[in-house]
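The sequence shown maps to residues 171 to 392 in our numbering. What follows is a single structure, written as structure tokens, with notes after it.
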Amino acid sequence: MNLILFGAPGAGKGTQRGSLIDTYQIPAIATGDMLRAQRRAGTALGDQVTSYMDRGELVPDALMIDMIKERLQEPDARTGFILDGFPRTVAQAEALDATLDQLRRRVDAVIYLRVSRQVLIDRLSHRYSCRSCDAVYNFTPKQALEVPRCTVDGGELYQRPDDKPEIVAHRIDVFLKHTAPLIDYYTTQHKLENIDGQMSVEDVRADITRRLSALKKGAGSR
Ligand code: ADP
């Protein structure tokens, strides 16, 4: 399966990604996590992208496209992948299609997690991330008074600079302007699975599983 997890910041892509990895045994390729890893490692790419990310702007297409082209050709991605955070512009989607074409592969489905602006803002303003592994936690304001350590690797939890309220609002605007046009792009390709991302985590997971099973059956009977 070659899947794209699609939705605004805070839509729940990272949360759903774990169960997809387990179910389909394919790697997740999360561009935000990859960029943050570059920053932690202090690479030239990491330095280049820092100001875009902290301001909630998109990193230039050319950088992102090169990074993804390389990543898709690594051995673990040969049996499938779950893209999270890419594509974010029509140019990125076109480059992805061209790259997959060359590899004689294609996107099977785009899972669009639909969430209202107010819910996105509420979720992101209570979001904490692990400094070392990027695991994400949502705390109530009361819980946030005493932030624990990461349960995955014991790392320090912090509020990402781009999860601050002013930047969150801007990221949602950037999504609506540059990324939302991909809804039409993938609808035209008959690949969009439009899912209510405001249901419980379990219900969203069940809906994704049901739709992907239906797709697999359809592909098998062709
Ligand atoms: P979220 O899904 O919460 O918005 P991510 O971790 O996916 O956050 O991305 C964080 C930031 O990394 C983005 O705001 C952007 O600056 C940069 N980024 C990640 N993926 C892309 C992409 N495909 N194109 C451009 N910029 C990207």
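Note that the Cβ used here is the ideal one computed from N, Cα and C, for glycine as well.
Inter-residue spacing [alpha-carbon to alpha-carbon] between residue i and residue j
i      : j      : result
Met223 : Asp332 : 7 angstroms
Ile196 : Asn172 : 9 angstroms
Ala376 : Ala261 : 32 angstroms
Thr358 : Pro351 : 11 angstroms
Gln368 : Lys239 : 32 angstroms
Arg275 : Arg297 : 36 angstroms
Asp373 : Ile353 : 22 angstroms
Leu233 : Lys347 : 20 angstroms
Arg301 : Gln186 : 20 angstroms
His360 : Leu385 : 12 angstroms
Alpha helix (DSSP H) segment containing residue i, residue limits
i      : result
Glu264 : 260-272
Leu205 : 201-211
Asp192 : 183-194
Arg275 : Counting along the chain, Arg275 falls outside any alpha helix (DSSP H), and DSSP gives it neither H nor E.
Arg225 : 214-225
7 angstroms Cβ shell around residue i - same chain, five flanking residues per side excluded
i      : result
Asn364 : Tyr282, Arg284
Leu294 : Pro179, Gly180, Asp333, Val338
Residue i, enclosing beta strand (DSSP E) - first and last residue
i      : result
Ile291 : Segment 287-295 is the alpha helix (DSSP H) holding Ile291; no beta strand (DSSP E) there.
Glu316 : Segment: none, Glu316 is in no beta strand (DSSP E) and carries neither H nor E.
Ala339 : Counting along the chain, Ala339 falls outside any beta strand (DSSP E), though it belongs to the alpha helix (DSSP H) covering 335-344.
Arg284 : 279-284
Glu363 : 362-366
Candidates the options: closest to residue i by CA position
i      : options                        : result
Val322 : Gln313, Asp304, Ser221, Asn308 : Asp304
Met425 : Phe309, Val306, Leu253, Ile353 : What is shown of the chain runs 171 to 392, which leaves residue 425 out entirely.
Ala362 : Leu382, Leu346, Phe251         : At residue 362 the sequence reads Leu, which differs from the Ala that was named. Looking at the Cα atoms, Leu382 is the closest of the given residues.
Gly182 : Gln313, Val306, Ala389         : Val306
Any non-hydrogen atom of ligand 2 closer than 6 angstroms to residue i Cβ
i      : result
Pro335 : Questions concerning ligand 2 fall outside what the structure shown contains, since the ligands it does hold are ligand 1.
Same chain, Cβ closer than 6 angstroms to residue i, five either side skipped, listed in chain order
i      : result
Thr349 : Arg258
_At least three beta-carbon pairs within less than 8 angstroms, the stretch 204-224 to the stretch 272-281_ = no
*Counting pairs of Cβ atoms below 8 angstroms between the stretch 175-187 and the stretch 284-295, do you hit three or more?*
Result yes; three or more Cβ-Cβ pairs closer than 8 angstroms.
_Does the structure place the stretch 185-193 close enough to the stretch 267-274 that three or more beta carbon pairs sit under 8 angstroms?_
no
*Evaluate contact between the stretch 227-237 and the stretch 199-208, counting only Cβ atoms and requiring at least three cross-stretch pairs below 8 angstroms.*
The stretch 227-237, when compared against the stretch 199-208, does touch it at the 8 angstroms Cβ threshold.
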